[in-house]
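Protein chains in written order, with full-length UniProt numbering: chain A, 1 to 191; chain B, 1 to 191. One structure below.
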């Protein structure tokens, strides 16, 4: 899940990508998503519009790449000493971030300009990496955690599904209940 | 969950909506999504482009409305005599339809041109209605089903999350396992 999936093949320069990404982030803050145009981004990043069209196809694909970059976790999940505490803290923070206005906007952007599904897959890979770290810690402590795909189905999927399709009643208590239900039943669910 | 949420307020004529929707469906089949334009749809539906812009805002919102209409279930889920059989058959068919090329395209369209989230909410409401019917039947049989929100979290959410973000390994066995895990653990999960 390194940056490999973040940059497309073809020897594109990381410098141009960084300049274009930060131009998009600045302009999103300054003029907003609706007013954003490729020429505007090109001017701010000091590249030609054709460079952007060649590399990203169109604005929605560029916004999708920027969104995935923004959704990348800052670091490892905190270690609170046991599986239940680690998963609960992570789920609460994940829901808080993804259900926020910017979290929803980035998730939407990531999905929209993503013809081959690689950006959506990267978002999912980020969550799976974080959960894997938590589960591996639990194993080292001698705990008996569920497998990562079960944790994705029971914690990440319900939160993301509700953020996109069924947003009522999404709160910290919901995130906690998902973790509790998983840990109370994971021996069955992990089958 | 009637058509109420399907049509927007403002006294729009159902006749025009039907003509525009079927024009979109025909043209999607004939020219494909990328070639589709509002004037093309207007001509086929025998309305003015401004009628479409006034009513739907833009093409993505129109495609979103058409998609939700296409995702509406044809009827009640089949009665196979018990909760496990009903949920399993429904989940297998739901995954089959939603993971198909057209299912993915409609889901995508429904999410994209949906500024207020009402179309995504309608898609979720369709699934909840179907599951509600199955659960109510189980109650009448004297079975002890989970609540509908737990069933949404445990069956619909994982399938839709994986269709959008993590599409590998989506098959009938996966849909069956979600139902089995839910019914084996739902007393806890329904807490």
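Backbone N, C-alpha and C fix where the C-beta goes; we use that ideal spot for every residue, glycine too.
Closer than 9 Å at the beta carbon, the chain B residues around residue 54 (chain A) | Ordered by position in chain B, no residue passes the 9 Å Cβ test against residue 54 (chain A), which lies about 19 Å from the chain.
Can you tell me whether DSSP reads residue 2 (chain B) as helix, strand or coil?
-> Summary for residue 2 (chain B): the model assigns pLDDT 34, below 50, so the residue's position carries little reliability, and this model does not support an answer.
Roughly how far, in whole angstroms, is the beta-carbon of residue 121 (chain B) from the beta-carbon of residue 108 (chain A), given that I think they are within contact range, below 8 Å?
-> That pair is no contact at about 15 Å.
Segment limits, alpha helix (DSSP H) that includes residue 64 (chain A) = 59 to 70
Sequence-distant residues of the same chain with beta carbon closer than 8 Å to residue 89 (chain B), five excluded per side = 77, 78 and 80
So, helix, strand or coil for residue 177 (chain B), using DSSP?
-> helix
For residue 48 (chain B), which three-state DSSP category applies?
-> coil
Cβ neighbours of residue 72 (chain B) in the same chain (closer than 7 Å, five flanking residues each side left out) | 126
Compute the Euclidean distance between the alpha carbons of residue 153 (chain A) and residue 175 (chain A), then round it to the nearest angstrom.
-> 13 Å
For chain B, is any of its Cβ atoms less than 7 Å away from the one on residue 94 (chain A)?
-> no
Which residues in chain A sit within 7 Å of residue 121 (chain B), going by Cβ to Cβ distance?
-> 165 and 166
Label residue 113 (chain A) either buried or exposed according to how many other C-beta atoms from any shown protein chain fall within 10 Å of its C-beta, with 16 as the threshold for buried.
-> buried
Got a sec: does the ligand ZN put a non-hydrogen atom nearer than 6 Å to the Cβ of residue 44 (chain B)?
-> The model depicted lacks the ligand ZN and carries no ligand whatsoever.
Nearest candidate by alpha-carbon position, reference residue 116 (chain B), set B:57, B:96, B:35 and B:19 = B:57
Residue 78 (chain B) in three-state terms, based on DSSP = coil
Contact list for residue 117 (chain A) against chain B, beta-carbon separation under 7 Å | In chain order, 167 make up the part of chain B whose C-beta sits under 7 Å from the C-beta of residue 117 (chain A).
Which chain A residues are close to residue 77 (chain B), counting only those with a beta carbon under 8 Å from its beta carbon?
-> Near residue 77 (chain B) there are no residues of chain A at all, since even the closest Cβ is about 19 Å away, more than 8 Å.
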